[in-house]
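In the numbering used here, the protein residues as written are 5 to 69.
First comes the structure, then the notes that go with it.
In structure tokens, the structure reads:
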């Protein structure tokens, strides 16, 4: 039972960490986009996509970059 609880806690910690990482990358990519650094912004958007993040906003921003 304890092993199962530890596994769930580790899984949740990784999931939260992944989401925070994607959020910070998305913010950085949006800042680059606003600075008209489209190629660099697109690189970050692609990095977010490689984290298996699926978002309409992500794909919209990728298309515009």
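Idealized CB from N, CA, C, for every residue including glycine.
Considering only the beta carbon of each residue, do residue 69 and residue 35 sit closer than 7 angstroms?
no
Quick check on residue 6: buried or exposed, where buried means 16 or more other Cβ atoms within 10 Å of its Cβ?
exposed
Using the beta-carbon count (16 or more within 10 Å), is residue 55 buried or exposed?
exposed
Do residue 49 and residue 33 have their C-beta atoms closer together than 7 angstroms?
yes
Between residue 37 and the rest of its own chain, which residues show a CB-CB distance below 7 angstroms, the 5 nearest in sequence each way excluded?
45, 65, 69
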